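Residue numbers (the numbering used here): 225 to 578. From the three backbone atoms N, C-alpha and C, an ideal C-beta is built for every residue, glycine too. This one's a predicted model, so the numbers in the text were calculated from it and none came from an experiment.
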Ligand SMILES: Cc1cc2nc3c(=O)[nH]c(=O)nc-3n(C[C@H](O)[C@H](O)[C@H](O)COP(=O)(O)OP(=O)(O)OC[C@H]3O[C@@H](n4cnc5c(N)ncnc54)[C@H](O)[C@@H]3O)c2cc1C
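Written out as structure tokens, the structure reads:
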């Protein structure tokens with residue numbers, strides 16, 4: 225059986241490798257860094273479960289991926305704009321806080337263990353030229369990012385907490401957040417424009433969040449990175465399949481890309497195993513996610529004035545659980561607004577392909 229070569233051992237490449245190896249295919253997985261998760265430094269990320277009726281953990285299990293990484297489900301979280309704080313409660317976890325990095329309980333290391341157990345050959349510290357790969361899973365590739373995220377992680381004895389801060393001085397066109405999960409904390413800002421203001425925004429996010437929630441912190445360490453998006457992902461490049469953020473697959477509203485990265489890796493592997501057309505399957509599976517993201521970003525940016533009063537009012541009025549579910553399923557209103565939203569994004573984010 226022919227060897228499958230994968231470039232990139234992030235979540236998308238690992239998910240593809242595990243699926244292929246479990247089906248008996250020989251797989252070589254190349255990671256240019258020294259270990260899985262080395263792109264991150266212990267960041268807490270949200271593995272979102274709010275975008276569909278199906279729990280993300282059930283989805284992983286059905287795909288054959290074990291959730292033997294530290295994860296804590298959050299059924300409540302605050303939205304805060306510097307003045308007003310709204311508490312939103314969900315009937316089931318809206319997201320699971322996971323760790324990204326090289327520590328044993330991170331999602332990256334859990335996937336690495338599963339890949340090794342399935343028989344994948346992992347080659348650390350080795351780049352694979354995408355032109356020589358069967359699957360390209362290299363993460364961000366575009367020259368210009370669309371969002372930047374900076375912050376710090378810390379140890380704490382504070383109880384679990386999730387707060388999203390909507391305030392342009394603390395995260396221009398984006399948001400900042402404070403997460404505490406099982407003794408670990410993370411405070412970050414994200415900007416969708418004027419990236420040079422990131423340090424200023426982080427200082428303001430720190431001030432506003434810690435004044436209102438004075439969480440005790442020890443061993444602060446900086447974290448952060450860039451995020452990429454394409455409104456027209458390339459699912460194929462030469463003979464290779466392209467998955468995850470390498471394809472530009474990313475939630476354009478808030479940059480929740482982890483679930484889609486995993487899903488696309490599994491889909492690519494299954495397409496190879498079944499001899500199906502991956503590009504067609506991926507376009508069908510992710511079209512709503514991508515187009516809905518464009519509309520959500522448009523609504524977010526035009527509604528952000530007055531300290532995000534409009535999105536906050538909408539979340540209160542409809543309830544966060546219902547509203548999020550609705551706006552991640554590419555509903556009729558989004559379909560109607562899509563041409564306008566795409567025009568807006570082309571003008572406001574001219575370096576993006578939409
Ligand atoms: C600061 C920050 C916070 C985020 N927060 C969240 C969040 O809360 N929730 C969420 O869902 N998403 C979040 N995201 C997005 C999420 O991290 C990505 O969507 C996800 O990691 C994409 O997975 P991937 O496998 O496609 O790419 P990556 O995770 O980037 O993995 C790609 C891997 O390929 C390797 N590589 C690159 N080129 C080569 C090559 N030529 N040969 C070999 N190896 C190569 C890289 O070193 C890397 O390890 C965040 C992103 C950032 C930057």
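The continuous beta strand (DSSP E) containing residue 373 extends over residues 371-379.
A Cβ-Cβ separation of about 6 Å places residue 318 in contact with residue 273 under the 8 Å criterion. Of all alpha-carbon atoms in 271, 457 and 251, the one lying nearest the alpha-carbon of residue 343 is that of 251. By the criterion of a C-beta distance shorter than 6 Å, residue 233 is surrounded in its chain by 253, 255 and 260, once the five residues flanking it on both sides are discounted. Beta-carbon to beta-carbon, residue 244 and residue 335 are separated by about 13 Å, too far to satisfy the 8 Å threshold. Taken in chain order, the whole beta strand (DSSP E) runs of length 3 or more contained in the region 404-491 are 408-415, 442-451 and 464-466.
With fewer than 16 other CB atoms across the displayed protein chains lying within 10 angstroms of its CB, residue 563 is exposed. If you check the C-beta of residue 454 against ligand 1, you find no heavy atom less than 6 Å away.
For residue 495, the number of other beta carbons within 10 angstroms of its own is at least 16, and it is reported as buried.
Look at residue 333: its beta carbon is at least 6 Å from all of the heavy atoms in ligand 1. Rounded to the nearest whole angstrom, the CA to CA distance from residue 567 to residue 519 is 10 Å. Inclusion of residue 432 and residue 394 in the CB contact set at 7 Å is warranted, their separation being smaller than that value. In this structure, DSSP gives residue 283 a helical state, which the three-state scheme calls helix.
In the displayed model, residue 316 falls within coil according to three-state DSSP, outside both helix and strand. The region 296-351 contains, as complete alpha helix (DSSP H) runs of 4+ residues, the segments 331-342 (chain order). The C-alpha of residue 532 lies about 6 Å from the C-alpha of residue 390. Counting along the chain, the unbroken alpha helix (DSSP H) around residue 244 starts and ends at 235-246. The Cβ-Cβ distance between residue 441 and residue 380 falls below 7 Å. About 6 Å separates the beta carbon of residue 265 from that of residue 445, a gap short enough to meet the 8 Å contact definition. Excluding five sequence positions before and after residue 361, the CB atoms of its chain that fall closer than 7 Å to its own CB belong to 230, 231, 232, 234, 236, 237, 240, 467, 468, 470 and 489, given in chain order. Taking the Cβ of residue 303 as the reference point, every heavy atom of ligand 1 lies at 6 Å or farther away.
Taken from the Cβ of residue 511, every heavy atom of ligand 1 lies 6 Å or farther away. Taking the Cα of residue 508 as reference, the smallest distance to any Cα among 457, 530 and 450 is reached at 457. CA-to-CA, the gap between residue 574 and residue 242 works out to about 37 Å. Sequence-distant Cβ neighbours of residue 554 in its own chain, meaning closer than 7 Å and more than five residues away, are 512, 515 and 516. For residue 270, DSSP records a beta bridge to 321. Under DSSP, no beta-bridge partner is assigned to residue 496. A distance criterion of 6 Å places the beta-carbon of residue 425 beyond contact range of ligand 1, judged by its closest non-hydrogen atom.
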